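Since the structure comes first, as structure tokens, the remarks are kept for the end.
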Amino acid sequence: MPIQTIKTTPYADQKPGTSGLRKRVSVYSQPHYVENYIQAIFDSLDEVGGQTLVIGGDGRFYNNVAIQKAIRIAAANGFGKVLVGQGGLLSTPAASNIIRHYKAFGGLVLSASHNPGGPDGDFGIKYNVGNGGPAPEKITDAVFARTQVIDSYKTLDTPDIDLDVLGTQQVGGMVVEVIDPVADYAALMQTLFDFEAIRALFRSGFRMTFDAMHAITGPYAHAILEDMLGAPKGTVINGVPSPTFNNGHPDPNLVYCKDMFDLLMTPEGPDFGAASDGDGDRNLIIGKNRFVTPSDSLALLAANAHLAPGYKDGIAGIARSMPTSAAADRVAEKLGIEMHETPTGWKFFGNLLDAGRVTICGEESAGTGSNHVREKDGLWAVLLWLNILAVRKQGVDEIVREHWRTYGRNYYTRHDYEEVDAAIAGKLVDDLRASLISLPGKVFADDLQIAYADDFTYHDPVDGSTSAKQGIRIGFTDGSRIVLRLSGTGTVGATLRVYLERYEAPDGRHDLDTQLALEPLIGIAETLAGIRSRTGRQAPSVIT
Ligand code: G6P
Ligand code: ZN
511 MPIQTIKTTP YADQKPGTSG LRKRVSVYSQ PHYVENYIQA IFDSLDEVGG
561 QTLVIGGDGR FYNNVAIQKA IRIAAANGFG KVLVGQGGLL STPAASNIIR
611 HYKAFGGLVL SASHNPGGPD GDFGIKYNVG NGGPAPEKIT DAVFARTQVI
661 DSYKTLDTPD IDLDVLGTQQ VGGMVVEVID PVADYAALMQ TLFDFEAIRA
711 LFRSGFRMTF DAMHAITGPY AHAILEDMLG APKGTVINGV PSPTFNNGHP
761 DPNLVYCKDM FDLLMTPEGP DFGAASDGDG DRNLIIGKNR FVTPSDSLAL
811 LAANAHLAPG YKDGIAGIAR SMPTSAAADR VAEKLGIEMH ETPTGWKFFG
861 NLLDAGRVTI CGEESAGTGS NHVREKDGLW AVLLWLNILA VRKQGVDEIV
911 REHWRTYGRN YYTRHDYEEV DAAIAGKLVD DLRASLISLP GKVFADDLQI
961 AYADDFTYHD PVDGSTSAKQ GIRIGFTDGS RIVLRLSGTG TVGATLRVYL
1011 ERYEAPDGRH DLDTQLALEP LIGIAETLAG IRSRTGRQAP SVIT
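So the sequence shown is residues 511 to 1054, counted in the working numbering.
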């Protein structure tokens, strides 16, 4: 089978963001766009000859087209084997597990996560390394540099692989094995959680709803929750993956899961509600009459992880992204374990997990996970919650309240301004950055005094690397914080994120409305950054 070397020219915009290269499908469909990017990835890696590559995606529109291209380019570049999920499907955490389990060289994870799909939606390609986690910046920087000078790629002239048939097929000199996307992942979950206790919970009449949002977690949730754990049929809703996510927005937050939230707030609703996003790495947790913020969920899972068999000996440490609330810090302090604050992006947890310095990680953006894989993991979080509920025999609300009475409550919200003019957003951040030096000591209403103001720089304690300009932090003497940064995952214009946090002691008031509790900080953020006057927006596009 002759290897074809196809001439090409660079695209200027193939710079990977927080989580791979995310673009509109219309951008990805340009001639050689996918090929350039995948060849640039392979060119940036060490010798790939004879190695195993994992490929899978969240099933969104263009998934199969990109997979067929990726398989041919992998074969032409000398990979020995490709493991691909049946139907081209693999959730992001399952892909991470497959890479680790089969000791693959790396993997291509095809997804734009929670962004809408379909011909007018988004697509994405992310490269994960041999530990199962997203490639570190050293590699993503090299990939981008390579995309800027690429002049050819290698491929083969072969028919499409049948992605629906389990088993092996041959592409040139390379073996392609189509594998069950769910089996290995489900087996891993069984090693971590007390399935018998969770089965007993469901037998006792406990009811939950899991919204797979027409995305990748449907097959995983049907198999694990309903078939293995005995949750009644119908527990999983929207469980068939659709290339357009049924024209929905597969982001598990209170905007897109409002119906489920409303149901959980009624007496006749289920006891527990959860959801996951397009590629299965995010989670939403709602108890009866209690939404659990992702930051609180991280703290609660860390404090209770020892109740699950996989973590019975305790956890080594916790890591959270910088904008995530400090609720988990208080748990780490009490447990006497390491606590790390990293930049936004799961890739920054990889080194800490590999070095055994942390066991549980989480982000305000609805991601939680552990050292079982190197991605955040939506269903894992749901199963750990179920394990905790089964052992503690209490409701979510009761557990959350007890937690606050022990550690205090970190009121927390995020205000997003989406699709803002990129130049205006950039200038806003630059001007705020320039003013930081003058802020410490300033006092605002409610005795809120600024203790420090900086632009977050991360020093990785494992490999010594430094990542600068990771977001503006304005901290107050009472522990309150305003964080402001530009999203690295948007595909149109800029998304400005403002994160607001206020701490209330264990004996303080834990029943305030979050937006009201944070009103003084919202006002200060506006005074300091001038978001409304500069962007012309009167209110955030999304509040989470
Ligand atoms: C993805 C990444 C996360 C990140 C989130 C928000 O889900 O995997 O690590 O927290 O995007 O990133 P952004 O740059 O849009 O705030
Ligand atoms: Zn995701």
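Where is the CB? At the ideal position from N, CA and C, for every residue including glycine. Bear in mind the structure is a predicted one, so any value in this text is a computation, not a measurement.
Secondary structure of residue i, DSSP reduced to three states
i: Lys664; result: strand
i: Gly985; result: strand
i: Gln959; result: strand
i: Gln1025; result: helix
i: Phe966; result: coil
i: Thr1005; result: strand
i: Val692; result: coil
i: Ile734; result: helix
i: Ser1043; result: helix
i: Arg991; result: strand
i: Leu739; result: coil
i: Val537; result: helix
i: Ile513; result: coil
i: Gln700; result: helix
i: Val750; result: coil
i: Val802; result: strand
i: Val659; result: coil
i: Gly998; result: coil
i: Tyr521; result: coil
i: Arg840; result: helix
i: Thr745; result: coil
i: Thr650; result: helix
i: Thr727; result: helix
i: Gly527; result: strand
i: Gly820; result: helix
CA-to-CA distance, residue j to residue i, given in whole angstroms
i: Gly758; j: Ile1041; result: 29 angstroms
i: Val686; j: Ala584; result: 10 angstroms
i: Leu676; j: Arg884; result: 26 angstroms
i: Phe633; j: Arg532; result: 6 angstroms
i: Gly918; j: Gly855; result: 27 angstroms
i: Gly827; j: Ser807; result: 16 angstroms
i: Asn861; j: Gly974; result: 10 angstroms
i: Val639; j: Gly715; result: 43 angstroms
i: Leu673; j: Leu1038; result: 53 angstroms
i: Ile747; j: Pro520; result: 43 angstroms
i: Ile984; j: Phe954; result: 13 angstroms
i: Glu647; j: Thr528; result: 10 angstroms
i: Ala812; j: Ile825; result: 8 angstroms
i: Arg1012; j: Gly951; result: 18 angstroms
i: Gly1000; j: Phe755; result: 18 angstroms
i: Val1002; j: Asp926; result: 14 angstroms
i: Thr923; j: Ala1035; result: 13 angstroms
i: Gly595; j: Ile548; result: 18 angstroms
i: Glu928; j: Leu994; result: 14 angstroms
i: Ile1056; j: Val1008; result: Look at the range of the chain in this structure, 511 to 1054, and you will see that residue 1056 is not part of it.
i: Gly643; j: Pro526; result: 15 angstroms
i: Val901; j: Val750; result: 31 angstroms
i: Gln700; j: Thr727; result: 17 angstroms
i: Ile708; j: Gly779; result: 20 angstroms
i: Ser539; j: Gly797; result: 42 angstroms
i: Phe703; j: Ser948; result: 50 angstroms
i: Ala829; j: Gly1046; result: 36 angstroms
i: Phe712; j: Thr719; result: 12 angstroms
i: Gly869; j: Gly820; result: Position check: residue 869 holds Thr in this sequence, whereas Gly was assumed. Each residue's alpha carbon lies about 11 angstroms from the other.
i: Asp737; j: Leu593; result: 25 angstroms
i: Ile898; j: Val681; result: 46 angstroms
DSSP beta-bridge partners of residue i
i: Pro644; result: Asn638
i: Phe782; result: Met718, Gly797
i: Cys767; result: Paired residue(s): none; Cys767 is not in a bridge.
i: Ala829; result: His850, Cys871
i: Arg532; result: Gly634
i: Gly758; result: Its beta-bridge partners do not exist; DSSP assigns none.
i: Ser977; result: Tyr968
i: Phe954; result: Leu958
i: Val685; result: Lys591, Gln680
i: Ile1053; result: His925
i: Leu1010; result: Thr923, Ile992
i: Thr878; result: Gly872
CB contact below 8 angstroms: residue i versus chain B
i: Gly981; result: The structure shown contains no chain B, having only a single protein chain.
Suppose only complete runs of 4+ residues qualify. What are the alpha helix (DSSP H) ranges in the region 881-946, listed by chain order? Listed in chain order, they are 888-902, 906-917, 932-945.
For the region 554-620, which segments carrying the alpha helix (DSSP H) assignment without a break, of at least 4 residues, lie completely within its bounds, in sequence order? Fully enclosed alpha helix (DSSP H) runs of 4 or longer: 573-586, 602-611.
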